[in-house]
Amino acid sequence: MKYFQEKTETMAPEEIRKLQSEKLVRQVRHVYEHVEPYRWKMDEAGVRPEDIRGVEDLPKLPFLTKGDLRDEYPWGFLAVPRKDCVRIQSTSGTTGRRVVAFYTQHDVDLWEECCARAIVAAGGSEEDVVQVAYGYGLFTGGPGLNGGSHKVGCLTLPMSSGNTDRQIQFMMDLGATILCCTPSYAAYLGESLRERGISPEDNPLRAGIFGAEPWTEEMRRSIEKTLGIKAYDIYGLTETSGPGVAFECAEQAGMHINEDHFIAEVIDPDTGEVLPEGSRGELVFTSLDKEAFPLLRYRTRDICILSRRKCACGRTFVRMTKPMGRSDDMLIIRGVNVFPSQIETVLLKEGYAPNYQIVVDRVNNSDTFDILVEMDEAMFGDTVSAVTGREKALVAAMRAMLGIGPAVHLVAPHSIQRSEGKAVRVIDKRKLVTEDENFLNRKN
Ligand code: ADP
Ligand code: ZN
């Protein structure tokens with residue numbers, strides 16, 4: 000089995016464009032009629048549904064941002080009656096920043112088909128045993144790959160994340176051949192196998208489908224070696240359904256975007272101008288088939304490059320590089336979205352001045368997360384145990400806000416370097432982005 004849906008996945012580019020145009024016209028009408036906040040946006044921009052006659056008219060439509068979705072939480076962007084929805088999922092975003100995405104049964108089916116395409120592109124078939132070690136629940140990783148695995152007909156192990164002993168036991172006893180999880184968890188599983196004296200040849204795995212967070216080519220090679228597998232990238236976001244918006248094929252040269260369901264554009268994040276193929280910019284998605292939560296021109300904030308060069312695998316869908324960074328200040332730490340503004344909010348609420356620095360690093364394939372916070376003179380005169388107590392209280396407050404606990408270090412007044420211009424709030428030492436601009440041209 001080479002493709003999950005061969006006819007679609009190998010469609011001629013002009014056919015794809017035609018299909019996208021037809022679907023876009025229909026989708027714009029659906030959104031205009033049923034999503035009030037987007038109708039306001041279109042009215043404000045002076046664009047009517049009948050102005051959109053095909054993909055070439057897309058730039059006339061206004062952009063959508065995470066802020067727009069948050070403002071209308073939870074129901075504002077729901078485009079069908081509530082009774083037609085069968086599911087929600089939600090971003091890992093935390094207090095006040097959550098986005099809830101709705102699905103009809105049709106939406107779930109199409110999403111799972113996208114994940115099925117990814118599994119087949121990674122060599123999967125009904126002969127495979129797929130171990131899904133992404134989190135289940137609100138997070139899209141587990142449910143998406145679980146559904147995709149069912150659609151391909153694989154024996155699916157719905158492990159969810161964590162409990163490494165049980166992961167390894169089931170992997171070995173049930174002969175898991177494909178592992179789906181975050182790249183950092185894959186690396187951790189690799190180390191854990193090694194610690195237990197199980198060599199790469201002795202585990203039954205032969206492929207892995209890893210995503211939901213940035214990872215480098217170096218990390219890919221390292222995971223491939225420690226697990227003895229071929230590692231495939233998968234990309235998506237809750238707002239556009241979840242993982243499977245784009246997936247890698249055996250060429251490992253960028254991820255094919257499922258263009259029958261999504262139109263991808265790359266824009267200049269400052270001006271909003273659409274950039275030509277091959278330019279580095281912010282990825283924008285329009286979902287063509289989603290009924291319940293159809294987003295038009297949604298700004299992902301992910302920076303990447305698109306390529307239409309022919310891929311040796313035979314798929315005709317456009318390819319995107321791994322995200323090379325973000326056009327906002329969001330950090331992804333241990334898979335959780337963290338905004339510096341959330342940290343600032345906690346500090347101000349707890350009576351600190353906003354003099355702080357966030358330091359993120361990756362040690363042994365897992366993220367470290369430290370926050371340095373300046374004390375004022377009065378606090379600085381406190382006893383050691385009082386300072387330790389304050390640090391503990393801050394960790395708890397941060398955990399409540401972010402969903403993950405950083406290490407908090409209270410430091411002397413004026414010890415964090417002041418900058419002349421914009422404050423340097425974040426020091427991210429993880430080299431997570433692939434800077435290789437020729438990435439898409441490899442092997443093609
Ligand atoms: P989740 O709940 O899956 O974390 P979010 O919607 O909160 O979903 O996060 C989506 C973001 O995760 C994307 O915008 C992107 O920045 C990041 N992401 C997802 N897949 C990948 C990947 N394969 N490589 C790098 N970053 C990824
Ligand atoms: Zn390909």
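Each residue of the sequence shown is one higher than the last, beginning at 0 in numbering that gives the first Met the number 0.
For every residue, glycine included, the Cβ atom is placed at its ideal position computed from N, Cα and C.
Note that the structure is a prediction, hence the values are computed from the model and not measured.
Nearest in C-alpha terms to E281, of all of L287, E272, D288, is E272.
Residues A121, I208, E247 of the same chain have their beta carbon placed closer than 6 Å to that of Y231, with the five preceding and five following residues left out of the count.
Leaving aside the five residues that flank V30 on each side, the residues in its chain whose CB is nearer than 7 Å to its CB run, in chain order, Y37, A78, P293, L295.
Between D259 and L57, the CB-CB gap reaches or exceeds 8 Å. The set of residues with CB atoms less than 5 Å from any heavy atom of the ligand ZN reads, in chain order, C248, E250, C310, C312, R314. With a cut-off of 8 Å on Cβ pairs, the stretch 170-177 is not in contact with the stretch 215-224, counting fewer than three such pairs. One thing to note: S124 has its Cβ within 8 Å of the Cβ of M0. Per the coordinates, the alpha-carbon of D328 lies some 9 Å from the alpha-carbon of R300. Every unbroken stretch of the alpha helix (DSSP H) spanning 4 or more residues and falling wholly within the stretch 54-137 is given here in chain order: 65-70, 104-120. The residue among E13, S340, V46 with its C-alpha nearest the C-alpha of V27 is V46.
I222 sits away from A206, with the two beta carbons spaced by 8 Å or more. Between L330 and V425, the C-beta gap is smaller than 8 Å, which places the two residues in contact.
At a Cβ-Cβ threshold of 8 Å, T239 and I262 do not count as neighbours. Distance from the C-beta of P322 to the nearest heavy atom of the ligand ADP is below 7 Å. One alpha carbon belongs to M41, the other to V107, and they sit about 28 Å apart.
In this structure, the CA atom of R398 is about 50 Å from the CA atom of E13. When secondary structure is reduced to three states using DSSP, F368 falls in the strand class. Here V383 carries a helix assignment [DSSP, helix/strand/coil]. It is roughly 43 Å from the alpha-carbon of A211 to the alpha-carbon of D381.
When the beta-carbon positions are compared, L156 and V128 come within less than 8 Å of each other. With contacts defined by Cβ atoms closer than 8 Å, S89 and L137 form a contacting pair. With three or more CB-CB distances shorter than 8 Å, the stretch 157-165 counts as touching the stretch 179-199. Under the three-state reduction of DSSP output, V244 falls in the strand class. Boundaries of the alpha helix (DSSP H) around M41: 35-44. The ligand ADP approaches G334 closely enough that one of its heavy atoms is under 7 Å from the residue's Cβ. For F169, the uninterrupted alpha helix (DSSP H) segment begins and ends at 163-173. By the C-beta density criterion, T387 is exposed, having fewer than 16 other C-beta atoms within 10 angstroms. Distances between the C-beta of A132 and the heavy atoms of the ligand ADP are all 7 Å or more.
The distance from the Cβ of L393 to that of E349 is about 6 Å, consistent with a contact at the 8 Å cut-off. Per DSSP, reduced to three states, the secondary structure at Q416 is coil, with no helix or strand assignment. Going by beta carbons, I415 and Q356 fall inside the 8 Å limit.
Within the same chain, F76, A78 come within 7 Å of V34 by CB-CB distance, once the 5 residues on both sides are set aside. Residue pairing by DSSP places N336 opposite I331 in a beta bridge. Distances from the alpha-carbon of E5 to those of S384, M171, R429, A117 put A117 closest. With a 10 Å radius around the Cβ and a threshold of 16 neighbouring Cβ atoms, V265 comes out buried. At least one heavy atom of the ligand ADP sits closer than 7 Å to the Cβ of L236.
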